[in-house]
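*Asks:*
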Amino acid sequence: MEEINLDDDSIKKNNLKNIHSKYDNYPTSLFKQSKTPIPGVSFNDFDDTVLITHEDTSNDSSSNFVEKRTNSSTNDMGRQGTYHPKKKSSKKGVAKISTSSKEPTIIEDPVNKMKTKDNNGKRFSGGCIACLIVFAVLAALTSALVTHLVTLEQCPAGYPNKTIVLDDRFGPDFFKNKTILEDSETDNETDIGQPTAEELRLPKTLKPIWYDLKVKVYLPGFVEIPKNKNLTFDSSLKMKFIADNETDEIILNADQLNLDENDLENKYQLFKYDPTKDSTRTLKVVRRRMIRSVDNTTSEELSVTTASPIIEETVTTIPMVTTATSSSENVTESIESVNITELVTTVQSIENIEGTTESVIETTEKPVEEVTIVEEGMIPSDIKIVRVSINGTLKKVTFKLSENLKKGEKYIFALKYTGIIGNLLRGLYLTKYQSNKKTVLGAVTHMEPDGARQLAPCFDEPEFKAKWKVAVEHPTGTIALSNGIELQDSVDTKDKDWKLTIFKETPPMSSYLLAIAVGNFSYIEGKAQTGTRMRVYSRPEVIDQTKFALEAGIKVLEYYEKYFDEPFPLEKQDLIGLPDFAAGAMENWGLVTYRESALLYDPKIQFPFQKMRVAVVIAHELAHQIFGNEITLKFWDDLWIQEGFATFVEYIGTDIISDGNFRQDEYFVIEAQNIAFNADAKATSHPLFFPITKAEDVEQAFDSITYEKGASIITMLKNVMGEENFKKGVQLYIHEHKYNNTVHQDLWNALETAIPDNLKAWDGSKFDVSDFSNKWIEQMGYPVVYVRRIDEESVELLQKRFKLDENTIEDKKFRNAKYWYKWDIPIWYSINGEEKNMTWLHESTTINTTLKDVIIINTESRGFYRVNYDKFGWEAIIKQLNEDHTKIPTKTRARIIDDAFALAEANLIPYSIPLNITNYLTKETEYIPWSMTMNGLDNILSNFEDDPEVETVEKYYNKLMKPLYDTINWNQLDSYLEDDKHIFENQLKSSIINTYCNNNKSECLRNVLNLFKDNFVNVCDQKDSVSSKCSKIPVMIRKLAYCSGIKYGTDEDWQFVFDRYNNEISQVEQVRLLYALGCTRDSVTKKKMLNDTITIDNGKYRLQNVPTLVNSLSSDPLGRRVSFEYLIDNWKDVHSSLKNTHSILNSFIDNSLRIYRQSDIETYEKFLTEYKSTTKKYDNFKQNLESAKQKKEWREKHMEFLVDWFSKNI
């Protein structure tokens, strides 16, 4: 292991320069247009051959290399890379390889060539010659013996000795990793006054058993609300816990709650649990169904569930503690005023909101059932609350006690408090929508990761699982929903303006899964084969768009029960679409919350990929009901287990929903896997499992590494194990750990039990799940597998970590990875289209294949690694694609294309390789390879920015697409949209049109602008026109048409779209219109819109849609300039407005930092220094700085060559 001290910037730069690879061993045709000389490679134009020079490298002896590896601290012979001294040329020579014939052949071998000696030199006598021969033979034998002993462990048995081409690229300097001992960075220093993640944690002295939460929600718009109570809630809470250690304080999480620090005796009481005082009574339950509609039109009914008998189940309730009058007392009085033994009531109609036409059209009572209630006994503890201390920074409240709690004793703590209904999309927050030009409000929750403390003081960490019993008092005219099934639904209270809904107690669950929704929601209902009731809720105006979600939800829930071999544990599962929601969806147990666009589906408004998106999100969230809810991470450092697994399962579930028509095994390659590859190629990435060192780390963990890379690693592990073995291990994991918290080792242990004896690791021992998997989750990044031919009969495979920029240094805590950025890599490969048995790459491996063969590594994109071939490999693949691309499977073609573009971007191969690959695409009809190609070419286009030379790239792009574009009939774009079998065909048409029109403004744009005027402006010209109902533009290109209409239109066009945006009732269509507004080329309008995005209270744009708008505003060079300057000049305001909505703030940052000019980078670095106290909390500031520098270097290295290449190929 070579150690480097990088204290000095110049040393750091020089050392990292050596890591850059050289373009070796590629065919002449791939380099002919390159103006950059390739070290060690020259060309003979007259005979079309490649000359590869080998220098004498005896100074870098193999013995020194072996010694370094043997003495490394890891004592791991494979972690420094693989190098074979036997194959190294000891003399300078030139290999001459023909590239003109159909099959590459060796014309001259440098070893044999060097044997020829000039005989015209000095002659020696026969005796001298004989002595020299004897000494030479002895020296050769001694050298061979020493070399054999030294390299015995490095070279596999039977390893080929004949080397065609070998230069220093594949020596130790390329494949070994460097250790950085220290530097001057202070990026991980904790700011004075800023809490660490550990300080934010709760002590483990107490463990919750259950909570009993009663909350009264003062939601305006339905009944008269006192001014001082508007948009607030009153709450009373009891919690039962056990003391694991003696302590004289109760420490809970609490945030933005009004906890009285003075009236301690009346607000807080502590009891001892006394099991001898337990009692039981019977509660009569009424189950009802209400199918509601808008304008008295019946929504389609699906089969209605019959509730499972619950008479034998236990529901825990505790009488409220009698206290003096307080601000939160109303909720207690209202809830206690209901005699719960006499709650069989007539069905209550949901009263109409003034101005709406919603009505109940059918109400049915279910047969009366009974539930046994166990009231847990409690007695006074004589322990008093003597002080309440609130720490807003740590988001904790400490209740100091008059004496110690005894270890092993159980206690019940009762308290009262109030809180606010916020507007920042977390905790209990406000959502709203327009109905008949009136604003209708709702109150809903989002708790992950730490929002539950805004509703109730609690143990708000994942490992503190407890049961939750919830009762909600809500305004008449609303309904209330929560995790458990309704025991009493909207029953009368003493006050006619208020209703009460009581929910069944949940299984033990983490606090971040708690959910409440109050508002005017409609639903449709169905049931699974096992009896689980499923409802899909929405605002009444869009209830007719919930049918697909209900069918999909039932179908996938039934499948998961079989797949996991685990019955769904709740009586009901609700899905609800919310007008305002920060994330795509949240897996709250029994009440999954969604953004409307991720739950609702209308084929007249949404194109097929949007339908697939709905199916994917439903499948993801319902997978969480097991992976996340029933089995939960212990802490957020293992978030990847449940998010990665749910992402992995969502593709399986989506295929079940679509009967396989959505082809998710293919879609996974261009979606999850590709997103993960791109994110993990940067030095500013992070491992899947990583330490949480600051509060923001928790929020930052919800990223594409956690989701998409997690799913990619799980997919690769499944491919190694085999489908049935993997499923068996997962089922065992569930059965062993349900209702508990786990770490990733628990998953490995369960999977290990399902490994068959004949599944071997790289060294021939039985495959070890932990040993294999930890290398992939405990270090960032992923490898490139290098495939080089070593003789006419075999190729060698080696590995090195893939990084887009070798000059960028990792964060200190990830820099010197535990496994030195080496992996055990499963190699799936084919030769001439024939799939071979999987093999392993540890240090190196050899595959027998001739020069005539087409060898492809990572077939079907099964593994999480990229592949780089030598000249023979790339040439054979390109030839096969041009002759008959169908002999290479679709997913494999896509992986080859994506790898080639990525390797070129990272300077590991010349751009001529991926661009030469694209020549075959004129015959390609599959969406997946085209999608990868568009990603690669779009990246080139974006790097050209608005330079005049970009037109050359656009012309080539159009040339490539024109054959497909000419086959598209614009008058039939809406054909087959509802036929799921055509989903990729339709998406390819949409992508071709969008890309072709963006690059061919004269031909295609004319059609788009005509559509904008004729099929939108002219047909939606009424003041109250609703775009989703009047627009005649095909949904596949509607976004393109709206955006183009604004970009090339007038101020009147902008105002026209803005008015339709405000009229719109469909959020999918509204987002299209919003994106179009950002396409304006007027800088003043852009700045005004940016101001509006951070002025949350004005309500001009939904907070959840800020990322969409800023993305649109930054979609052109002018917008990128405006957004960058706005962020730099207004960071304090941006941060102040959005800091409590991390995902939205992160998106704002990312979309505003698409820079590359040196002056902008310098301005940006000064900005980071000036605002270091806030910017250092967000990792994406560093990520965007890395991207900006990479883009600048990319332009310097590649633009000249690319302009030349495209000019010659258009």
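Positions 57 to 1266 (the numbering used here) are the ones given, in order, by the sequence shown. Where is the CB? At the ideal position from N, CA and C, for every residue including glycine. Here the structure is a predicted model, which is why all the values come from computation and not from measurement.
Let me confirm a value: Asn460 is counted as buried when at least 16 other C-beta atoms fall within 10 Å, else exposed. Which label applies?
*Replies:* Looking at its Cβ environment, which holds fewer than 16 other Cβ atoms inside 10 Å, Asn460 is exposed.
*Asks:* Would you decide whether Val1140 is buried or exposed? Buried here means 16 or more other CB atoms lie within 10 Å of its CB.
*Replies:* exposed
*Asks:* What does the alpha-carbon distance come out to for the pair Glu891 and Tyr967?
*Replies:* 29 Å
*Asks:* Where does Cys514 fall in DSSP's three states?
*Replies:* The answer is strand: DSSP assigns Cys514 an E or B state.
*Asks:* I believe Gly709 touches Ala737 by the beta-carbon criterion, under 8 Å. Please report the beta-carbon distance rounded to the nearest angstrom.
*Replies:* Contact doesn't hold; Cβ gap of about 29 Å is too wide.
*Asks:* Express the C-alpha separation of Glu614 and Asp621 in angstroms, rounding to a whole number.
*Replies:* 11 Å
*Asks:* What separation, rounded to the nearest whole angstrom, lies between the Cα atoms of Ile833 and Asp827?
*Replies:* Using only the alpha carbons, I get a separation of about 11 Å.
*Asks:* Reducing DSSP to helix, strand and coil, say where Arg663 ends up.
*Replies:* First, the residue type needs correcting, since residue 663 is Phe and not Arg in the sequence shown. Three-state result, Phe663: coil.
*Asks:* Applying the criterion that 16 or more other CB atoms from any shown protein chain within 10 Å of the CB defines a buried residue, is Phe1262 buried or exposed?
*Replies:* So Phe1262 ends up on the buried side.
*Asks:* Kindly indicate the opening and closing residues of the beta strand (DSSP E) around His502.
*Replies:* 494-502
*Asks:* Tell me the DSSP secondary structure of Ile429 in three-state form.
*Replies:* strand
*Asks:* Could you give the C-beta distance for Asn539 and Ala571, rounded to a whole number, given that I count them as a contact under 8 Å?
*Replies:* Yes, Asn539 and Ala571 are in contact; Cβ-Cβ is about 6 Å, under 8 Å.
*Asks:* I'd like the span of the alpha helix (DSSP H) that includes Asp1109, first residue to last.
*Replies:* Where Asp1109 is concerned, the enclosing alpha helix (DSSP H) stretches over 1107-1119.
*Asks:* Could you spell out the range, first to last residue, of the alpha helix (DSSP H) harbouring Gly483?
*Replies:* Taken as a continuous stretch (DSSP letters only), Gly483 belongs to no alpha helix (DSSP H), being part of the beta strand (DSSP E) at 483-491.
*Asks:* Measuring alpha carbon to alpha carbon, tell me which of Tyr1032, Thr981, Asn1025, Phe957 ends up nearest Leu997.
*Replies:* Phe957
*Asks:* With the cut-off set at 8 Å, would you say Phe515 and Asn309 are in Cβ contact?
*Replies:* yes
*Asks:* Kindly list the residues whose CB is nearer than 8 Å to the CB of Lys869, restricted to its own chain and excluding five residues on each side of it in sequence; keep chain order.
*Replies:* Asn244, Phe746, Pro747, Thr749
*Asks:* Whose C-beta lies closer than 7 Å to the C-beta of Tyr983 among residues of the same chain, with five residues either side of it excluded?
*Replies:* Phe1040, Gln1043, Leu1044
*Asks:* Decide if His676 is buried, meaning its Cβ has at least 16 other Cβ atoms within 10 Å, or exposed.
*Replies:* buried
*Asks:* Drop a sphere of 10 angstroms on the beta-carbon of Pro985, count the other beta-carbons inside from all chains shown, and report buried for 16 or more, exposed for fewer.
*Replies:* So Pro985 ends up on the buried side.
*Asks:* Would you check if the distance between the CB atom of Asn843 and the CB atom of Tyr925 is smaller than 8 Å?
*Replies:* Asn is not the amino acid found at residue 843; the sequence shown has Val there. Remark: C-beta atoms of Val843 and Tyr925 approach each other more closely than 8 Å.
*Asks:* Taking DSSP's pairing of strands, which residues face Phe289 in a bridge?
*Replies:* Looking at the DSSP assignment, Phe289 forms a beta bridge with Val273, Gly475.
*Asks:* Quick test of your reading: Ile973 and Ile934, contact by CB under 8 Å. State the CB separation rounded to the nearest angstrom.
*Replies:* 6 Å
*Asks:* If you run the structure through DSSP and keep just helix, strand and coil, what is His898?
*Replies:* coil
*Asks:* Nearest-angstrom Cα distance between Phe637 and Arg651?
*Replies:* 5 Å
*Asks:* Could you tell me if Gln756 is buried or exposed, where buried requires 16 or more neighbouring beta carbons within 10 angstroms of its beta carbon?
*Replies:* Taking all protein chains in view, the Cβ of Gln756 is crowded by 16 or more other Cβ atoms within 10 Å, so the residue is classified as buried.
*Asks:* Less than 8 Å between the beta carbons of Asn644 and Leu569, yes or no?
*Replies:* Result yes, Cβ atoms of Asn644 and Leu569 sit closer than 8 Å.
*Asks:* Take the Cβ of Trp804 as the centre, count every other Cβ of all protein chains shown within 10 Å, and call the residue buried at 16 or more, exposed below.
*Replies:* buried
*Asks:* Could you check the C-alpha separation between Ser653 and Gly1101 for me, to the nearest Å?
*Replies:* 24 Å
*Asks:* Can you look up Val442 in the DSSP assignment and give me helix, strand or coil?
*Replies:* strand
*Asks:* With a Cβ-Cβ cutoff of 8 Å, do Lys328 and Asp300 count as a contact?
*Replies:* No, the pair does not count as a contact, with Cβ atoms beyond the cut-off.
*Asks:* Quick check: Asn1240 and Leu1209, are their CB atoms within less than 8 Å of each other?
*Replies:* yes
*Asks:* For Ile558, which residues of its own chain have a beta-carbon under 7 Å away from its beta-carbon, when the five flanking residues on both sides are left out?
*Replies:* Ala527, Leu543, Gln544
*Asks:* Measure the Cβ-Cβ separation of Val672 and Glu706 and say whether it is below 8 Å.
*Replies:* yes
*Asks:* Go ahead and label Ile60 buried or exposed: buried means 16 or more other beta carbons lie within 10 angstroms of its beta carbon, across all protein chains shown.
*Replies:* With a pLDDT of only 32 at Ile60, under 50, the local geometry of the prediction cannot be trusted, and no value is derived from it.
*Asks:* So, does the stretch 1045-1064 touch the stretch 1012-1019, judging by three or more C-beta pairs under 8 Å?
*Replies:* yes
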